[in-house]
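K.L.:
Going by the UniProt record's numbering, the first residue of the sequence shown is number 1, and it counts up by one from there. No residue lacks a Cβ here, since even glycine has one placed at the ideal position from N, Cα and C. Take a look at this one; I'll ask things after.
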Amino acid sequence: MDFVKCSQAADHQIFEAFSRGFSDYIIKFDMSEDFFFDHFFGAEGNRRELSWLALEDGKPAGLVLGGIRSFDGLKTMRCGTMCVVPEYRRKKVAAGLLEQHRQTALESGCDQLFLECIEGNDRALAFYRKAGYETRHHLHYFLCENPGEISSPSISSPIETLTPEEIRSLRSESGVHWNWQNEMEYLEKEGAEFSGIRENGFPVAGIAHKDRRIQFLYVAEPYRRRGYALSLIASFAQGKEKLTVSFPDNPGLEGFYENNGFRREPIRQEEMYLDLRF
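Laid out in structure tokens, this is it:
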């Protein structure tokens, strides 16, 4: 089995490894080759020189994508995806890919490894735990199927466009952990829209959204229970068929969405980490 960096592999080999590796996965992936590269090597933050392809006699056998970012204040290598083509499973291909991934992180001076794994995928979870990963957060998904029914409360302050710097300020003020796809670098690369409410010239509530996805929602403590959060959602919900949102463990936010027309999706992911500093 040979392991080569994706920067030294052909696009069709990388895409074949992904397509065949996920052919029997819990969630079905149906995407074109162009979309795959735009998505996984775009906002997702993976880079070819940090990603590895397993080849057996020139045939794609497995794939691991890697990307580096400052995450929760630490230089982090994230596993953007990992898969093994069915006929090459139980041949230590996954272990070989994960070791290449770990070594690349060490050579890049990373503090930790990070990945998301679907809860219930027991084989994968056991594999990662055996490799030293531990679960620290759960990622929850919510869906609103009737966004047009979200009514905007009467509020005294206007909803305005916010700058990325203002959204960053609100995120910092929140003091909570945000998932990889809701980090500012991801939002800006995707072209998310930022809006919010200012009081005395300072932002006190903000929302980031892209298409039907809510990627950030926060209201400063002194300004809660005034209808600001629901008004921010209603400001762009009209005309949308559905709204989705995902975020790590946050009981207050979970209750807010459940009480305002969103239902919890059955799928949940585990955020897993491996500390490389010790």
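Considering only their Cβ atoms, is the gap separating Y273 from Q112 smaller than 8 Å?
P.N.:
Translated into the one-based positions of the sequence shown, residue 112 becomes position 112. Translated into the one-based positions of the sequence shown, residue 273 becomes position 273. Yes, they are a contact pair.
K.L.:
The beta strand (DSSP E) with R213 in it runs from where to where?
P.N.:
Indexing the sequence shown from 1 puts residue 213 at position 213. R213 -> beta strand (DSSP E) spans R213 to V219.
K.L.:
Taking Cβ to Cβ, would you say F247 is nearer than 8 Å to L253?
P.N.:
Stepping through the sequence shown from its first residue, residue 247 is reached at position 247. Stepping through the sequence shown from its first residue, residue 253 is reached at position 253. Closer than 8 Å, so yes.
K.L.:
Consult DSSP for W52 and reduce its assignment to one of helix, strand or coil.
P.N.:
For the purposes of this step, residue 52 is taken as the residue at position 52 of the sequence shown. It is a strand residue.
K.L.:
Measuring alpha carbon to alpha carbon, tell me which residue in R213, L230, A237 and G120 is nearest residue 279.
P.N.:
There is simply no residue 279 to check, as the chain begins at 1 and stops at 278 in what is shown.
K.L.:
Just tell me which of M1, L55, A126 and A43 has its CA closest to the CA of F18.
P.N.:
Within the sequence shown, the letter at position 18 stands for residue 18. For F18, the closest C-alpha among the options M1, L55, A126 and A43 is that of L55.
K.L.:
P203: buried (16+ other C-beta within 10 angstroms of its C-beta) or exposed?
P.N.:
Along the sequence shown, read from residue 1 onward, the residue named residue 203 stands at position 203. Buried, since its Cβ has 16 or more Cβ neighbours within 10 Å.
K.L.:
Apply the 10 Å Cβ neighbour rule to V84 and answer buried if 16 or more other Cβ atoms are within range, or exposed otherwise.
P.N.:
The sequence position of residue 84 within the sequence shown is 84, counting from 1. Under this definition V84 is a buried residue.
K.L.:
Under the DSSP definition of a beta bridge, which residues are partnered with H140?
P.N.:
Along the sequence shown, read from residue 1 onward, the residue named residue 140 stands at position 140. Answer is F247 and R268, bridged to H140.
K.L.:
Are the beta-carbon atoms of Q215 and A192 separated by less than 8 Å?
P.N.:
Position 215 of the sequence shown, counting from 1, holds the residue named residue 215. Position 192 of the sequence shown, counting from 1, holds the residue named residue 192. Yes, the pair counts as a contact, with Cβ atoms nearer than the cut-off.
K.L.:
Roughly how far, in whole angstroms, is the beta-carbon of L50 from the beta-carbon of I68, given that I think they are within contact range, below 8 Å?
P.N.:
By 1-based counting over the sequence shown, the position of residue 50 is 50. By 1-based counting over the sequence shown, the position of residue 68 is 68. Right, the Cβ-Cβ distance comes to about 6 Å (below 8 Å), so this counts as a contact.
K.L.:
Would you mind sorting T76 into buried or exposed? The rule is 16 or more other CB atoms within 10 Å of its CB.
P.N.:
On the sequence shown, residue 76 is found 76 positions in, with the first residue counted as 1. Buried, by the Cβ-count rule.
K.L.:
Is S235 near I118, with beta carbons less than 8 Å apart?
P.N.:
Position 235 of the sequence shown holds residue 235. Position 118 of the sequence shown holds residue 118. Result no, Cβ atoms of S235 and I118 do not sit closer than 8 Å.
K.L.:
Please state whether DSSP places L125 in a helix, a strand or coil.
P.N.:
What you label residue 125 is simply residue 125 of the sequence shown in a count that begins at 1. Correct three-state label for L125: helix.
K.L.:
Relative to the C-alpha of residue 279, which residue among L230, Y228, L162 and A229 is closest?
P.N.:
The chain is shown only over 1 to 278; residue 279 falls outside these bounds and no answer can be derived.
K.L.:
May I have the straight-line CA-CA distance separating L125 from S156, to the nearest angstrom?
P.N.:
Counted from its first residue, the sequence shown places residue 125 at position 125. Counted from its first residue, the sequence shown places residue 156 at position 156. If you take the alpha carbons of L125 and S156, they lie about 49 Å apart.
K.L.:
Report yes if the C-beta distance between F41 and A94 is below 8 Å; otherwise report no.
P.N.:
Numbered from 1 along the sequence shown, position 41 holds the residue referred to as residue 41. Numbered from 1 along the sequence shown, position 94 holds the residue referred to as residue 94. With contacts defined by Cβ atoms closer than 8 Å, F41 and A94 do not form a contacting pair.
K.L.:
A10 by DSSP, collapsed to three states: which one?
P.N.:
Against the sequence shown, residue 10 aligns to sequence position 10. Three-state result, A10: coil.
K.L.:
Distance check for S7 and V64, CA to CA, integer angstroms please.
P.N.:
Walking along the sequence shown from the start, residue 64 turns up at place 64. Walking along the sequence shown from the start, residue 7 turns up at place 7. So the alpha carbons of these two residues sit roughly 13 Å apart.
K.L.:
In or out: P86 buried (at least 16 other Cβ within 10 Å) or exposed?
P.N.:
Your numbering for residue 86 matches position 86 in the sequence shown. Exposed.
K.L.:
Tell me which residue opens and which closes the beta strand (DSSP E) that R168 is part of.
P.N.:
To locate residue 168, count along the sequence shown from 1; it is residue 168. It is not in any beta strand (DSSP E) - R168 instead sits in the alpha helix (DSSP H) that spans P164 to S174.
K.L.:
Shortest alpha-carbon distance to P164 belongs to which of M184, L97 and K5?
P.N.:
Taking the first residue of the sequence shown as position 1, residue 164 is located at position 164. Residue M184 is the option with its Cα nearest to P164.
K.L.:
Find the nearest neighbour of V176 within the set D72, N121, H39 and A43, judged by alpha-carbon distance.
P.N.:
Locating residue 176 in the sequence shown gives position 176, counting from the first residue. Taking only the C-alpha atoms, the option nearest V176 is D72.
K.L.:
What does a CB cutoff of less than 6 Å around Q269 pick up in its chain, not counting 5 residues either side in sequence?
P.N.:
Reading the sequence shown from its first residue, position 269 is the one you call residue 269. Taken in chain order, the residues that qualify are E116, I118 and L139.
K.L.:
I'd like the list of long-range same chain contacts for D249, defined as Cβ closer than 6 Å, with 5 residues on each side in sequence excluded.
P.N.:
For the purposes of this step, residue 249 is taken as residue 249 along the sequence shown, with counting starting at 1. Hits under 6 Å: H137 and H138.
K.L.:
Since S195 sits in a beta bridge, which residues does DSSP pair it with?
P.N.:
Locating residue 195 in the sequence shown gives position 195, counting from the first residue. Its beta-bridge partners are T161 and I207.
K.L.:
Could you tell me which of C110, M82, S152 and E44 sits nearest to G227, measuring between CA atoms?
P.N.:
Against the sequence shown, residue 227 aligns to sequence position 227. Ranking C110, M82, S152 and E44 by Cα distance to G227 puts S152 first.
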